[in-house]
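Colleague:
In the working numbering, the protein residues as written are -8 to 78.
#1: With DSSP as the reference, label residue 29 as helix, strand or coil.
#2: Take residue 9 and list the residues in its own chain whose beta-carbon comes closer than 7 Å to its own, dropping the five residues that flank it on each side.
#3: Tell me the rounded alpha-carbon separation between residue 2 and residue 28.
#4: When burial is assigned at 16 or more other CB atoms within 10 Å of the CB, is residue 63 buried or exposed?
#5: On the DSSP letters alone, give me the boundaries of the alpha helix (DSSP H) that residue 69 sits inside.
#6: Compare the beta carbon distance of residue 16 and residue 47 with 8 Å and say whether it is the shorter of the two.
#7: Report yes if the C-beta distance between residue 65 and residue 57 is below 8 Å; otherwise report no.
#8: Under 8 Å by Cβ, that's how I've got residue 45 and residue 14 pegged, so tell me the actual separation to the nearest angstrom.
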C-alpha cells in the first residue's frame, strides 16, 4: 500500500503484471519540464499495461516544498499530468 497524492491509500497490487516507470519528481527542479514527456509516455502506452508513477520528494535541495494538494494542482495545471503520483 502507498499513499496516493490525492485520494488516500492506493494498492500496489493494481500494478501487478504492468510495466511501471517510477520517477522521483519535484516541482521546483530544473528538470520539471520532464512532466510533459512523462505524461506523453503515460497517455501513449497506458492501454498497453504501462504507467508512470510519480514520487514527489523534497529531500534533494528542498525542491518539492508544497503540500499534496499544491503539488497535484501544479502538475495538473502546468503540465496536464494525469498519471498517478504518491504522497
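Yeah, the Cβ is synthetic: ideal placement off N, Cα and C, and Gly gets one too.
Modeller: Taking the coordinates as given:
#1: Stepping through the chain shown from its first residue, residue 29 is reached at position 38. The DSSP-derived three-state label of residue 29 is helix.
#2: Here residue 9 refers to the residue found at position 18 of the chain shown. So the list reads 40, 41 and 42, once near-sequence residues are dropped.
#3: Mapped onto the chain shown, residue 2 falls at position 11. Mapped onto the chain shown, residue 28 falls at position 37. If you take the alpha carbons of residue 2 and residue 28, they lie about 25 Å apart.
#4: Your numbering for residue 63 matches position 72 in the chain shown. Around the beta carbon of residue 63, a 10 Å sphere encloses 16 or more other beta carbons of the protein chains shown; the residue is thus reported as buried.
#5: Residue 69 sits at position 78 when you count from the first residue of the chain shown. For residue 69, the uninterrupted alpha helix (DSSP H) segment begins and ends at 59 to 70.
#6: Against the chain shown, residue 16 aligns to sequence position 25. Against the chain shown, residue 47 aligns to sequence position 56. A contact, by the Cβ cut-off of 8 Å.
#7: Taking the chain shown and counting its residues from 1, one reaches residue 65 at position 74. Taking the chain shown and counting its residues from 1, one reaches residue 57 at position 66. In this structure, residue 57 lies closer than 8 Å to residue 65 by Cβ.
#8: In the chain shown, counting from the first residue as 1, residue 45 sits at position 54. In the chain shown, counting from the first residue as 1, residue 14 sits at position 23. The pair is a contact, with the Cβ atoms about 6 Å apart (cut-off 8 Å).
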